[in-house]
Structure formats: structure tokens, C-alpha cells
Amino acid sequence: MVFPFDRMVHGSGLSGPISGISFPEKLLDLRISVLNGPDSAFPALNNLTKLKTLILRSCNINGIIPPYLWRMGNLKTLDLSFSKLHGKIPDSFVHLSQLQYIYLTGNLLSGPVPVLDKPQNFDVSYDNFNSTNTGEEKCVYPKLSRIFAFVVILCNFREDLLLV
Numbered sequence: 000m001v002f003p004f005d006r007m008v009h010g011s012g013l014s015g016p017i018s019g020i021s022f023p024e025k026l027l028d029l030r031i032s033v034l035n036g037p038d039s040a041f042p043a044l045n046n047l048t049k050l051k052t053l054i055l056r057s058c059n060i061n062g063i064i065p066p067y068l069w070r071m072g073n074l075k076t077l078d079l080s081f082s083k084l085h086g087k088i089p090d091s092f093v094h095l096s097q098l099q100y101i102y103l104t105g106n107l108l109s110g111p112v113p114v115l116d117k118p119q120n121f122d123v124s125y126d127n128f129n130s131t132n133t134g135e136e137k138c139v140y141p142k143l144s145r146i147f148a149f150v151v152i153l154c155n156f157r158e159d160l161l162l163v
């Protein structure tokens, strides 16, 4: 199946793993949601370096978020909500200067919530994050005045968030 690179791919109610689909390298917008069927690994998307929008919502993806994702410098929107992703978000995540919308809701992610100053919308609700960052007593967010929405509902925090 061939898709024009200037349009988005959006599927709903499909079944099967994403790994069986190949996408053109010039694809800018990939949106797949509500995949039925068994769990699958994160799809190999490392050749899609021009992506601006990546939405893989409710796609039964398990495992860690692959490291190449944090190097996709053109991403503006990242939505990996409602899958079974686990592990930590690396510190390199904060270097994605174009990223404005981050939705990681409803996964099994853990560790400290990254300290961000760029995204306008950041949702990590219903995950397993804790508030302790290495070398800090509390999870401190000094630049939240620039963030439009910061959602951390039911994240199993062991300490209070400190918003300054």
C-alpha cells in the first residue's frame, strides 16, 4: 500500500500489528488509533525522520519507547496513549525543541517525570511515574508558566510535585 507523504495515514478499528506496514520515508503525519488484536512491539519507524505528528493511540503496543524516537527532531505532536509501554523517559527527551504536544496517558511508564519547558500540553496521567528526580528532593517544575496543560492524574507519586 502506498501513501502520499503530504497526507496523514489514519486507521480506526483495524486489527493486527503496525510492524507489517511500511511507510514512505517522507511521511509527515502518521495517525493510527484503536488497533484490535494481540499485543505487538513498537513499530520500526526510525526511517521516518521527517515526521511532525506521530499518533499511535490504543494500538496494543508493548515494550519500551525506542531510543530513536527521542531523536526525531521534527516531531511537534507525540501521542502514544493507552498502550502497554513501560520504562523511563530518557533525559534526551527534553531536547526535542519542536515538540509541543505530548500524550503518554494510560501506559506503564515509570521513573521521574522529565522536567520540561517547551511543550504546551503534557499528559502522563494514569502511568506509574514517581516524583523523585536524581539529585533532587522533589520533582520541581520552575517553567510551568509556559506550559498550557500539565496532567499527572493517578501517577502513583511518592512525593508531592513542587510547582514554582
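Quick note: the sequence shown, position 52, residue 51 per numbering that gives the first Met the number 0, numbers continuous.
Glycine included, every Cβ here is placed at the ideal spot set by N, Cα and C.
Since this is a predicted model, take the numbers as computed values, not measurements.
{"Query": "Residues that DSSP places opposite Y100 in a beta bridge", "Result": "T76 and N120"}
{"Query": "Buried versus exposed, by CB contacts within 10 Å (16 or more), P42", "Result": "buried"}
{"Query": "H85 to L95 span [Cα, whole Å]", "Result": "20 Å"}
{"Query": "Coarse secondary structure for D126, derived from DSSP in three states", "Result": "coil"}
{"Query": "Cβ shell of G134 (< 6 Å), same chain only, five flanking positions each side left out", "Result": "Unreliable positioning characterises G134 in this predicted model, as indicated by a pLDDT of 44, which lies under 50. The coordinate reading is nonetheless provided below. The answer is none, since no qualifying residue turns up."}
{"Query": "Rounded C-alpha distance that separates E136 from P111", "Result": "In this prediction, E136 has a pLDDT of 36, which is less than 50 and means its spatial position is unreliable; what the coordinates show is noted afterwards. In a straight line, the C-alpha of E136 is about 12 Å away from that of P111."}
{"Query": "Inter-residue spacing [alpha-carbon to alpha-carbon] between L105 and I31", "Result": "A quick correction: the sequence has Gly, not Leu, at residue 105. Each residue's alpha carbon lies about 16 Å from the other."}
{"Query": "Closest Cα partner of G89 within the set N120, Y67 and N45", "Result": "First, the amino acid is wrong: residue 89 is Pro here, not Gly. It is Y67 whose Cα lies nearest to the Cα of P89."}
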